[in-house]
Amino acid sequence: MDTKLLMEWSDKHLMTFAKRYPVALVRGEGVRVWDSDGKEYLDFTGGIAVTALGHSHPKVVGTMREQAATLLHVSNYFHIPQQIHLAKLLCDHSFADRVFFSNSGAEANETAIKLARKWAKEHGASDRGDIISMRGGFHGRTLATVTATAQEKYHHGFEPLPGGFKYVPFNDLRAVARAIDSRTAAVLVEPIQGEGGVNVPDDGYLPGLRKLCDEAGILLVLDEIQTGMGRTGKLWCYEHAGVTPDIMTLAKALANGVPIGATLATNDVASVLTPGTHGTTFGGNPFATAVGLTVFTTLVEERLPERAARMGRLLSDRLGAVRAKSGGAVKEVRGRGLLIGMDLVAPVGAVVSACRERGLLVLTAGDNALRLAPPLTVDEASIDRAVEIIDRAVEDCRP
Ligand SMILES: Cc1ncc(COP(=O)(O)O)c(C=O)c1O
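Throughout the sequence shown, residue numbering follows numbering that gives the first Met the number 0, covering 0 to 398 in sequence.
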């Protein structure tokens, strides 16, 4: 179909909730995608840290074909073998004992908030329910999760917002200690802030949060929706810190693009859910969880977290070289594994456009950072090419 007409229809018929790039992507394979005019791009967005195995991975495609032709959906009134297997696998490879499946990151966080509040009420006073979250964080766009997202720009116009959320600066243990009181149920935090700028906290931050939560008898909830599934070089980002949470949320890469969310918890926390207290129609259906099973098995069998660590080092080192010779145009390169942010002097939008024109798709984060989240299967030649394009794009946009 004619690309220009497609854009006109998009302008006319879609709600304009996002500023879209003037590109319609129609096909993908590995780290490459093609647009409706046949132009090829390196995809270092990974669909916002989703396509960990790359586009059209043969095992994922095979599972989708087979499961779609066998059984797509039944509802949670029945046992779903794929859901049970995926839950067992996630628990076998993490701190968790139990899993609740949903359809998105926001829903996974909604479940985490509900779990934390119910747990707090059953383990303390009936008015315990406050969630402490971090400035610059991102937890979703539903009313509760956008309120947990301590960035006012996402709140405007949607008031009244639900109560029971308190904000503190990221990477500031003293502020958390000051904020905890008798009404606090949980601390909710991303181990590395993704949307907020790829902000990596100090090494002592997560262990410090764990200690504060233990001392106060409250829960530590880790939002690993962006950092999980091997992206930071370990299966879960919390492994870098040597502590475990009480609740962890996942989505994005869990089924490589098939919508899915998961809330993982210890037996103690999960026990507050009893029949009828929570629910979902689609969550954990045979299709999404069959794909999740294939994705997770592939990730573990092919040791993709280790690969992400290796390739991430390579990418960071090469971007570091771009920074070194940029004469101050690149201020900082930071991140972990294959979640990398690059602070720029030039308006980040201009650099994103220059990259796209040269055949590389990248994300932004925070106010002025370029964000890279390629598939964990990315190869060295693609990294070299991407860095070359970024180098030229930074040069193109030099103020
Ligand atoms: C850390 C984090 N939490 C939650 C979400 C929300 O996920 P979803 O868009 O699937 O609702 C995102 C999405 O970018 C995220 O990065």
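For glycine and all other residues, C-beta sits at the position ideal for the given N, C-alpha and C.
What I want to know is whether the C-beta of residue i ends up closer than 7 Å to one or more non-hydrogen atoms of ligand 1.
{"i": "HIS154", "result": "no"}
{"i": "GLU189", "result": "yes"}
{"i": "ALA147", "result": "no"}
Taking the C-alpha atoms as reference points, what is the distance between residue i and residue j?
{"i": "GLU194", "j": "LEU41", "result": "21 Å"}
{"i": "ARG177", "j": "GLY207", "result": "13 Å"}
{"i": "ASP10", "j": "ASP267", "result": "49 Å"}
{"i": "SER74", "j": "GLN66", "result": "15 Å"}
{"i": "LEU221", "j": "LEU4", "result": "43 Å"}
{"i": "THR44", "j": "GLY365", "result": "15 Å"}
{"i": "LEU375", "j": "GLY283", "result": "24 Å"}
{"i": "PHE169", "j": "GLU189", "result": "9 Å"}
{"i": "ASP96", "j": "VAL347", "result": "42 Å"}
{"i": "HIS12", "j": "ARG384", "result": "37 Å"}
{"i": "ARG309", "j": "ALA323", "result": "21 Å"}
{"i": "VAL98", "j": "VAL60", "result": "25 Å"}
{"i": "LEU371", "j": "ALA252", "result": "15 Å"}
{"i": "ALA51", "j": "ALA124", "result": "42 Å"}
Excluding sequence positions up to five away, which residues of its chain have a Cβ less than 7 Å from the Cβ of residue i?
{"i": "PRO21", "result": "MET6"}
{"i": "ARG140", "result": "ALA105"}
{"i": "VAL344", "result": "GLY327, ALA328, LYS330, PRO398"}
{"i": "CYS396", "result": "ALA345, ALA349, VAL350, ALA353"}
{"i": "GLY46", "result": "GLY256"}
{"i": "ALA143", "result": "GLU109, ILE112, PRO161"}
Excluding sequence positions up to five away, which residues of its chain have a Cβ less than 6 Å from the Cβ of residue i?
{"i": "ASP36", "result": "THR2"}
{"i": "PHE295", "result": "LEU88"}
{"i": "ALA71", "result": "What sits at residue 71 in the sequence shown is Leu, not Ala. Around LEU71: PHE286."}
{"i": "GLY53", "result": "GLY29, VAL30, PRO374, THR376"}
In this structure, does DSSP put residue i in helix, strand or coil?
{"i": "GLY128", "result": "coil"}
{"i": "SER101", "result": "strand"}
{"i": "GLY326", "result": "coil"}
{"i": "LYS165", "result": "strand"}
{"i": "GLY358", "result": "coil"}
{"i": "ILE246", "result": "strand"}
{"i": "ASP342", "result": "strand"}
{"i": "TYR153", "result": "helix"}
{"i": "GLY45", "result": "helix"}
{"i": "HIS78", "result": "coil"}
{"i": "GLU400", "result": "It is not possible to answer for residue 400, since the shown part of the chain is limited to 0 through 398."}
Please go through the same chain and pick out, in chain order, the residues whose beta-carbon is closer than 8 Å to the beta-carbon of residue i, but skip the five residues on each side of it.
{"i": "LEU313", "result": "GLU379, ILE382"}
{"i": "PRO274", "result": "none"}
Inset, instruction - For ligand 1, enumerate in chain order all residues having a CB closer than 6 Å to any of its heavy atoms. - result: ILE47, SER103, GLY104, ALA105, ASN108, PHE137, HIS138, GLY139, GLU189, GLY193, GLU194, ASP222, ILE224, GLN225, ALA250
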